[in-house]
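> Using our numbering, the first residue of the sequence shown is number 6, and each one after it goes up by one.
Backbone N, C-alpha and C fix where the C-beta goes; we use that ideal spot for every residue, glycine too.
Here the structure is a predicted model, which means the values were calculated and not measured.
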Amino acid sequence: MNKLSFWHKLAFITNVCWLAAWLLKYYTLISPGVLQSTILVNGLLIAYLVNIPLCLFTLFLVINKKLPAGLPRWLYIINGLFCITQLYILLK
Numbered sequence: 006m007n008k009l010s011f012w013h014k015l016a017f018i019t020n021v022c023w024l025a026a027w028l029l030k031y032y033t034l035i036s037p038g039v040l041q042s043t044i045l046v047n048g049l050l051i052a053y054l055v056n057i058p059l060c061l062f063t064l065f066l067v068i069n070k071k072l073p074a075g076l077p078r079w080l081y082i083i084n085g086l087f088c089i090t091q092l093y094i095l096l097k
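#1: Roughly how many angstroms lie between the CA atoms of residue 86 and residue 79, to the nearest whole one?
#2: Apart from the five residues on each side of it in sequence, which residues of its chain come closer than 6 Å, Cβ to Cβ, to residue 52?
#3: Would you kindly work out how many angstroms separate the C-alpha atoms of residue 49 and residue 88, rounded to a whole number?
#4: Is it buried or exposed for residue 44, if we count other Cβ within 10 angstroms and need 16 for buried?
#5: Cutting at 6 Å between CB atoms, please list the residues of its own chain near residue 47, excluding the five before and the five after it.
#6: DSSP three-state label for residue 75, please.
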């Protein structure tokens, strides 16, 4: 597994935590505890730190036509959509 594939998979996991953290803001899905705090830290801190630089780097690779072939297209498209949403919320 190449490094870019690993980082995109990690970004996808943290993006799912980001979505769960925003749902936890409005709904009590799980009781407060270790799982909830892990979701909040991964979603509200690590997702921004991993996804935004990764999407910028991937955009740079796409522009230069050097994107590796082993990466599923749906994965970087989903991460890109999450990145746009995160940037909108962060800059709003």
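If we stick to the structure as given:
#1: 11 Å
#2: 19, 20 and 23
#3: 13 Å
#4: buried
#5: 19 and 22
#6: coil
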